[in-house]
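See structure below.
Numbering (the numbering used here), first residue to last: 575 to 807.
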């Protein structure tokens with residue numbers, strides 16, 4: 575999996591890509607993260623990538639041409655035709671479809687993704703219409719830029735790429751995973767067996783894997799009912 579992130583702040587993307595599971599996956603070559611600086615494609619020598627909105631209003635709007643040129647350059651780097659809508663290009667936007675585990679799993683089947691990060695009041699609508707195939711939101715709130723949302727999406731998708739996690743089944747029995755049928759994950763415990771008077775459930779110390787598996791399924795259902803009943807069908 576290769577991510578191409580079109581951004582005004584490539585340092586934010588590159589920094590995150592060097593840590594934890596994501597960083598290890600990059601080091602081992604399971605994923606690749608390329609941050610493309612939109613400012614490198616500015617239309618004038620001052621590096622201007624934004625301008626005042628037509629019709630007035632507060633704030634500035636990212637200009638269409640630098641974004642398009644950065645995207646076209648990325649498509650050429652990928653070996654894709656610049657005008658091809660087959661190039662999966664995701665605009666991180668609060669107006670987009672909410673990111674879910676199902677969407678992450680679908681995106682993880684792609685060989686490469688282009689992620690577009692907006693700033694200021696947004697991006698000229700014409701370039702969005704021209705290049706974007708998907709709009710995705712990570713929640714009903716506003717961020718100062720698309721980079722945090724892009725990092726969330728990359729993290730959610732990367733861990734589903736083969737060999738990124740140490741155990742292939744690690745993501746299947748987590749919240750929203752296949753084994754839990756989209757429900758929430760069961761509680762976890764580790765040493766010591768007693769902490770501030772709270773004991774680890776006896777079943778987890780029994781060594782009986784069948785009973786432990788059944789207990790976890792029950793706990794998963796109960797947690798989903800208590801915390802996210804909307805997930806139950």
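Glycine is no exception: its CB is placed at the ideal position from the N, C-alpha and C atoms.
Keep in mind that this is a model prediction, so the values were computed, not measured.
Which one or two residues does DSSP pair with residue i in a beta bridge?
i: residue 693; result: 719
i: residue 709; result: 665
i: residue 686; result: 576
i: residue 581; result: 611
If you drop the 5 nearest sequence neighbours on each side, which residues of the same chain put their C-beta closer than 7 Å to that of residue i?
i: residue 729; result: 596
Measuring CA to CA, which of the options is closest to residue i?
i: residue 734; options: 675, 717 and 765; result: 675
i: residue 690; options: 803, 802, 580 and 801; result: 580
Is the separation between the beta-carbon of residue i and that of residue j shorter than 9 Å?
i: residue 587; j: residue 724; result: yes
i: residue 786; j: residue 778; result: yes
i: residue 584; j: residue 609; result: yes
i: residue 708; j: residue 663; result: yes
i: residue 636; j: residue 576; result: no
Does DSSP classify residue i as helix, strand or coil?
i: residue 772; result: strand
i: residue 743; result: For residue 743, the pLDDT reaches just 48, beneath the cut-off of 50, and the residue's location in the model is therefore unreliable, leaving the point undetermined.
i: residue 607; result: strand
i: residue 764; result: coil
i: residue 804; result: helix
i: residue 788; result: helix
i: residue 674; result: coil
i: residue 636; result: strand
i: residue 624; result: strand
i: residue 588; result: helix
Who are the near neighbours of residue i in its chain, counting only those whose CB is closer than 6 Å to its CB and skipping five residues on each side?
i: residue 638; result: 698, 700 and 701
i: residue 720; result: 666, 691 and 692
Can you list, in chain order, the residues of its chain whose CB lies under 8 Å from that of residue i, leaving out five sequence neighbours each side?
i: residue 716; result: 668
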